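Written below as structure tokens is the structure these notes are about.
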Amino acid sequence: MAYWEPIRELDEQPLVEPGSKLREVTHDIASVSERPAPRGWWICFLIALTFTGIFTVCVAYLFYRGVGVWGNTSPVYWAWDITNFVWWVGIGHAGTLISAILFIFRQKWRTAINRFAEGMTIFAVICALIFPGIHVGRPWLLFYVFPLPNQMTLWPNFKSPLLWDVFAVGTYFTVSLLFWYTGLIPDLATLRDRSLTKWRQRIYGFFALGWRGSNRHWRHYERAYLILAAISTPLVLSVHSVVSMDFATSVIPGWHTTIFPPYFVAGAIFSGFAMVETVLLIARSVFNLKRVVLMRHLELMNKFLLLTSLLVGYAYAMEFFMAWYSGNQYEMAHFLVNRPTGPYWWAWVWMVVPNCVIPQLYWFKRMRTSIPVMFVVSIFINIGMWFERFVIIVSSLNRDFLPSSWGLFRPTIIDVGVFTGTIGVFFTLFLLFMRWLPMVSMTEVKGTMPQADPHYSPKGAHPEEEDEHDPLPIIDETPMPSTGGLVPEGAE
Amino acid sequence: MKRAPNPSVPASIDAAPEFARGHVDTPPSDEALFLSRRGLLGAMAATFAVVGAEGCRRPLEKVVPYTRMPEDVIPGVPSHYATVIQRRGDALGLVVESHEGRPTKIEGNETHPSSFGGADLIAQASILELYDPERSTIPRKGGVAASWDDFEKDLAATLATFDKDQGTRLRLLMPPTVSPTILRMRAALAQRFPKARVHTWSAVADSNARAGAKIAFGEPVNTMYGFDKAGVIVALDSDFLQTESGNVRANKLFAAGRRLRSSKDSMSRLYVVESARTTTGNAADHRLRLPASAIAAYAFALAGELAKNGVPLADVQGAAAGAATGVNVPAKWLTVVAKELARNRGRALVVVGSRQPPEVHALAHAINGALGAPGATLTYASVADPDELDVATDLKALSDAIVANQVEALVILGGNPAHDAPADLGFADKLGKVATTVHASLFFDETSQKCTWHVPRAHEYESWGDAQALDGTIALQQPLIAPLYAGRSDIELLAAMANLPETSGQQAVRATTTEVLLVAHGVTGCSPFDERGDSECRGATGGPVHLHQFELDREWNRSLALGVVRRPQVPKTPTLALPAIAAAIAARKVPAPGPGAFEATFAPCAKLVDGRYANNTWLQELPDVVTKLVWDNAAILSPASAKELGVANKDLVKISAGDRSITAAVWIVPGQTDRSVALTLGWGRKQAGRIGNGRGFDVYPLRATDTLGFVAGVTVTKTGDDPYFFAQTQENNSTEGRPIAHEATLAEYKQKPDFAELDSPPPRALPLWTQADYSHGHQWGMTIDLNACTGCNACVIACMSENNVPVVGKREVWRGREMHWIRIDRYYVERAEIGATAEEPAVIFEPLMCVHCEEAPCENVCPVNATTHGPEGLNEMAYNRCIGTRYCGNNCPYKVRKFNYLNWHNDSVWKETGGLPETMAMQQNPNVTVRFRGVMEKCTYCVQRIQSAKIRAKRETREVKDGEIRTACQQTCPADAIVFGDVNDVTTKVWTSTRTDRRFGLLAELGTRPRTTYLGKVRNPNSEMA
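Going line by line, the protein sequences match chains A and B. Numbers in our numbering are just positions in the first sequence, counted from 1, shifted up by 8. Numbers in our numbering are just positions in the second sequence, counted from 1, shifted up by 1.
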């Protein structure tokens, strides 16, 4: 039985619409960058670009006057800045998870979405990294956090979780970028080969790194990809664990919690999947990718969302239980009183309902497979997970030990501008990515198609019974995706 | 480091005659200042170019060295000069720190009897007033800039017209004064114009107390309360710890009477009857809230009750019984208080607040006399100006004279009557009816606007003067800097008007001092000094005495150095005239209350007094002791009254007394008397300056000549307008049952001396890292005695002044970004044992600054090592290294770290004028870094003081002495609540203090090991009151 074949006993479905041809896959994906952009893309892009502009203006003002233009204050020294940071880092998690872990576990269904998810990771981590960069009081001295040798022998403070963060997120970004880029190389070569203009050829050619699709190239490529996947895998767990230690190692009730590392990782995967789904649903409809992104993929993602929702819900419940069980006055006052009934009770409701209650819809197959439902639910989860970080950060800080220093955080217009601005930056980058790069991995999708099987016969589902002498079934279709036909296909 | 590069400011001021000559001959004019600014601007143009190129980097500034080095000025080594400022009926002796000719910091003068080394928040903030860029800089005629020459000519011409009728139509108006020189000048003026009259007016004065003493003793006397010697103190509407005359001294002595070194010590007991929560009421062991208008009746009833307990009051008793009508207080407040007073004969004190009518003051004198207080718990002293009249009557007399067209020229020296005169006089409009009006003042204010002439007045730190303290001690006021804005002092103006030969302030003051010294030594009839400086005089016994100029010089210099003029004190023992008191009580007239159900009380603002400090940013941003509001006053209501009126915090109410009314926003304070609305004077200024204009609510329109203290029968109605915008520094009032501010009653303390430690949870958290060894060398530490702290806020301003703490403005305070390194947490306490309920909670104050944790949570989390631990136990901030992640602020359980969210000095209250004014930068302490935007800051234990003391000790090859290093907060604290020193040295005060049984570490259960620890508060309630 061929691996691309669905296991009927498990009620599996084919990963690519049955009957799809290899050239159709190539054409569907590669031609996006060759055609004029559809109207939908332009609309999305202009909106995203507007928000990027807002972001630029707000950040320029922030640099000009200081972080005081935001609303964070004593005692809430971190508010939307770090909320956004953790939110974006969390979103960035799904990429690695889908690419690396599912790759290692040979979950072939990931092929439809892994490029997306990886792209999303990169862009989300870029958005995340913006915040530690701009939230500091003196951004022009940010290089102090790096262990740069200097004659004062002055080093960063290796005890500080914030420094661990610098390393963790930096590593994550670097590895994710390499992983993404490595996966792109064969597809970039395809785009190069299909290029009709000089500049396209040069640019795609430059980034394709001279890929010719030789066996040797493929061998190295497969090995490199596997190694990077293996390196990325622990990072899925480490990054958000380290981010959570920013909070867990502090003394503040609501932060000082040992459950944080696994809780944060679960939350990150949860929010990452939700964001992948949101973006995927948009792209699927704008670029008409229904052939590759099947309902089966979406349903699988929804099951994953349900699982992680339960994990996150468990963590919420456990925090409450431990606060009560500890008997610690400050912990109890925080979890049992301030969170559900304090000044930010509404944020707490926004955390619990979208993250724990709404995903329960996915117990029902009709809900799991309804595009409108999943779009709305994914948006809710994105919002809910933002509020989770808001609750953890702001509502822990606003009422800590001494009631005299309690205070409220009130966001300013610049807070809103920078946050919505990063969403604009994210989508700007994402839309550019969708427009100019293969947003679905042609190589890997083709690998899951029946044609990839050496024993493939186009006539039926039981190739071993078919005519094995069909001379070159593949040539009938289209050149092997990355052998790189010299005649651009778009020319036909 | 920042240095003032203004060459027009002389660097050195001393008692040297050279200075006096320069100062008088060429008063620095506004033009000179302007020119120098232009020069400066030119010089700085290049700097600005650099700043532009640097983008958001710290702006560069040039440090200009001396080209010719002045003698006695060592750059970097401050000099200290003793001086004095007038404070209502008192004078406060001060020592001013001066850096290269710039006065920067105020401290109390230990040799001065009103200070004993302490200072209050107003004294601390007065240094900023000196540098206020909005002070008047130039004389103005009819609002148009003129010169001093024009003014002198104009004034001389006007005065010349009065010579023929002896000045009948000339009037002077000035605040009551305690300056012997000013009084001498006034006498001299009276010689030139015998029929001219000097009126005195100040919105906040001790007239009632003087009138009360006059009834009781036949002459006005100052009463010096010995709060340290009293076992029982009953304060009737008296905020002696904060807003009454002599508050610093009272605070010192009161704290001394309640200091507990161990559980074997005893402490005094304070009963307070008051309408609004005051600092004194907050310190009370028993507090009775009573409308201010009912306190007199309570006093009379108490007198009757005292008589029943065998305290002889003779005729007063009968009169008091007759006057004690409508007293509605818990019976124990009469029976128990009277019993307690009677029991403590010779150890008891009754203190009456200045706004209570004279009869109550007279009655208190009678009671104190009967209780054997004189000589035991109080002494009397002569007043500086025995002829001073009741301010309201005096101002009314002037007002009537203007109406009767008897005034042709009115010279107003200081004060701001157009703004703060009683509303029924309509004084501001009457000023226009006088042909020539002259107003000398620091600011071109409401009164200046209405006058034909305005001249800038020199600040107290810019001019010569003298002042007599409550106890009669005379202190000298010497200038610390030449007038910044071409102002002249009252003394100089009066001398000019009186045509006196001594036209400079120094000559005038010196002449007065010589006179005082000669009188004190009984020397009279001196011949003029010959060229060898010899003079022949008559001694006290009538025999000839030889006097050399040198002796006077020596005494003068010594007086300047000490700050006080040494002379033998003559104790005053006035005799009580009980029948007169009885007659006054019997004849007492109570203004008929209006139809309303409420009373309104007027109290001087603890920050702005009567509005004179309205343009002071430090004071504007200082949280109110009780409400913790900043940049505003409010109409204080009790929760029950607010409910009755249907108003909540921030709602606007209209308060009407007769046909006069004001609108103010409500703030609800538990413990405020029901149906009494407390209003603070001094706010809502219209012409105070950029900082003070329109802040808060002007309550003067409600105040009339006969209702200066309070007005009964006002109506309060909700206006229904949009709620007002208030900013508060502390928004939560309760400890939430957390073990953070420990207190006990005296009985509990004796039973369980270490209650504070026992009530604190034990440290649970283990240290994360290897612990440092703190057993060697200096280890700095501090204790704060919650039992002594009255929450008076002096330390907060002292810290701002010492450490260049910026002001952020009302909106930023509302956000929570106030920068005060030390804050005073105020919690309401409900506790049955002390009779504190939700409606009438007790108060505990807990001053909090960085506690310098040995295991500091902030240090672990800083990614760049910007905050680290010093070898002497200080939690240190390296501003240069800080990038502003604010993680330390989050992880500080005490929330004492303050972040420069913006470039506060330039980008907050002074933003519109292009940044911190040049003059205000002159105030800044050159030994403390001025922090730029984006860095975290916090209390350093005044590390600059530690370092300079260590350097001094090292140069003198000795150890640092205990008490040599005093932090700014500690030094100014009038209650000596703060002790700082080396906790590693068993001989230090702080070592002893940390071994006190009441000690506890705040949040020590987190394992922070704080270096600042607290001594729990002990209250001394009377079990009979329960």
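Heads up, the beta-carbon is just placed ideally off N, CA and C, and yes, glycines get one too. Keep in mind it's a predicted model, so treat the numbers as computed, not measured.
A Cβ-Cβ separation of about 7 Å places G488/B in contact with H460/B under the 8 Å criterion.
Straight across, the Cα-Cα distance linking N788/B with G721/B is about 43 Å. Per DSSP, reduced to three states, the secondary structure at N788/B is coil, with no helix or strand assignment. Chain-order list of chain B residues neighbouring G79/A: R816, by C-beta distance under 8 Å. The residues V96, E98, in chain order, have a CB closer than 6 Å to that of H81/B in the same chain once the five nearest residues on each side in sequence are set aside. Chain A places no beta carbon closer than 8 Å to that of G1002/B, leaving this residue out of the contacts.
Comparing C-alpha distances from Q550/B to each of I979/B, P529/B, S400/B shows the shortest one belongs to P529/B.
Apart from sequence neighbours up to five positions away, the residues of its chain that approach T920/B with a beta-carbon distance below 6 Å are Y132, P134, ordered along the chain. Bridge partners of L680/B according to DSSP: F603/B. Collapsing the DSSP output to three states places D150/B in a helix. Here DSSP, grouped into helix, strand and coil, assigns I845/B to strand.
When Cβ-Cβ separations below 8 Å define contact, I952/B makes no contact with chain A. Among the residues facing chain B, N165/A is included, as its CB has a counterpart in that chain under 8 Å away. In its chain, beyond the 5 residues on either side, P624, K629, R824, D826, R827 have a beta carbon closer than 8 Å to the beta carbon of Q731/B. Cα atoms of F435/A and L54/A: separation of roughly 10 Å, rounded to the nearest angstrom.
Assigned with DSSP and collapsed to three states, E409/B falls in coil, not helix or strand. By the criterion of a C-beta distance shorter than 6 Å, V830/B is surrounded in its chain by A837, P842, A843, I845, once the five residues flanking it on both sides are discounted.
Of all alpha-carbon atoms in Y486/B, A382/B, K651/B, L432/B, the one lying nearest the alpha-carbon of T574/B is that of A382/B.
For F711/B, there is no enclosing alpha helix (DSSP H); the enclosing beta strand (DSSP E) has its first and last residue at 711-719. For R290/B, the beta-bridge partners assigned by DSSP are E275/B. Under DSSP, I401/A takes part in no beta bridge, so it has no partner. Across the region 326-344 of chain A, CB contacts with chain B closer than 8 Å involve Q337, Y338, A341, in sequence order along the chain. Listed along chain A, the residues sitting closer than 7 Å to S735/B by beta-carbon distance are P411. With respect to R146/A, G890/B sits apart: the two C-beta atoms are not nearer than 8 Å.
Separation of N650/B and I979/B (C-alpha to C-alpha, rounded to the nearest whole angstrom) is 34 Å.
Assignment of beta strand (DSSP E) within the region 444-494 of chain B, counting only whole runs of 3 or more residues, yields 454-457, 466-469, 475-478 in chain order.
Of the candidates I109/A, E452/A, K454/A, I90/A, I109/A places its Cα closest to the Cα of I277/A. With fewer than 16 neighbouring CB atoms inside 10 Å of its own CB, I75/B falls in the exposed class.
Counting along the chain, R539/B sits inside the beta strand (DSSP E) bounded by residues 535-539. The shortest C-alpha to C-alpha distance from D472/B to any of H113/B, K1018/B, D707/B is the one to H113/B.
In the structure shown, K655/B adopts extended strand secondary structure according to DSSP, grouped into three states. For W353/A, the enclosing alpha helix (DSSP H) starts and ends at 353-360. Using beta-carbon distances, N892/B counts as an interface residue toward chain A, with a partner under 8 Å. For the pair T378/B and R344/B, the CB atoms are not nearer than the 8 Å cut-off. Exclusion of the five residues before and after F1001/B leaves H743, A757, E758, S761, T1014, Y1015, G1017 as the residues of its chain whose Cβ lies within less than 7 Å of its Cβ. A contact between stretches requires three or more CB pairs, one per stretch, nearer than 8 Å, and the region 672-692 of chain B meets this requirement with the region 272-288 of chain B.
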